[in-house]
Amino acid sequence: MADVTKDSNGNPLNDGDSVTLIKDLKVKGSSETLKRGLLVKNIRLTGKPGEVECNTKQVKGLVLKTEFLRKA
Numbered sequence: 006m007a008d009v010t011k012d013s014n015g016n017p018l019n020d021g022d023s024v025t026l027i028k029d030l031k032v033k034g035s036s037e038t039l040k041r042g043l044l045v046k047n048i049r050l051t052g053k054p055g056e057v058e059c060n061t062k063q064v065k066g067l068v069l070k071t072e073f074l075r076k077a
């Protein structure tokens, strides 16, 4: 059975879901900070159950850890 990617509350995540950040996150290699409450639409699952890939207005091709996300 494949690993299921879950958000910080334990809800399963799927490709195309929208998530909300639950903590301010600094982006490595950039001066940008993603603020808590930011809605990120259309996520993509990676091969790792603790990570998702997404795009924001500020940063493209961003990988976020699911421990900082809540399903919207």
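Reading the sequence shown from the start, the letters are residues 6 to 77 in this note's numbering.
Just so you know, even glycine gets a beta-carbon here, dropped at the ideal spot from N, CA and C.
Below 7 Å CB to CB, which residues in the same chain sit around residue i once its five sequence neighbours on both sides are set aside?
i	result
G52	none
Report buried or exposed for residue i, applying the criterion of at least 16 other Cβ atoms within 10 angstroms of its Cβ.
i	result
V64	exposed
V68	exposed
Kindly give me the distance between the Cβ atoms of residue i and residue j, rounded to whole angstroms, as I take these residues to be in contact under 8 Å.
i	j	result
L50	D20	6 Å
Is the separation between the beta-carbon of residue i and that of residue j shorter than 9 Å?
i	j	result
D12	V24	yes
E56	T38	no
D22	K76	yes
Tell me which same chain residues have a C-beta within less than 8 Å of the C-beta of residue i, skipping the five on either side of it?
i	result
E40	Here residue 40 is Lys; the residue named in the question, Glu, does not match the sequence. The residues are L26, D29.
M6	Because the pLDDT at M6 is just 46, under 50, the model does not fix this residue reliably, and the value given afterwards should be weighed accordingly. Contacts found: none.
With a threshold of 6 Å on Cβ separation, who are the neighbours of residue i within its own chain once the five nearest residues in sequence on each side are excluded?
i	result
V32	V64
P54	D8, T10
K5	As displayed, the chain neither begins before 6 nor continues past 77, which places residue 5 out of reach and without an answer.
3-residue-minimum beta strand (DSSP E) runs that sit fully inside the segment 11-75, ordered along the chain = You should have 24-26, 56-59, 67-70.
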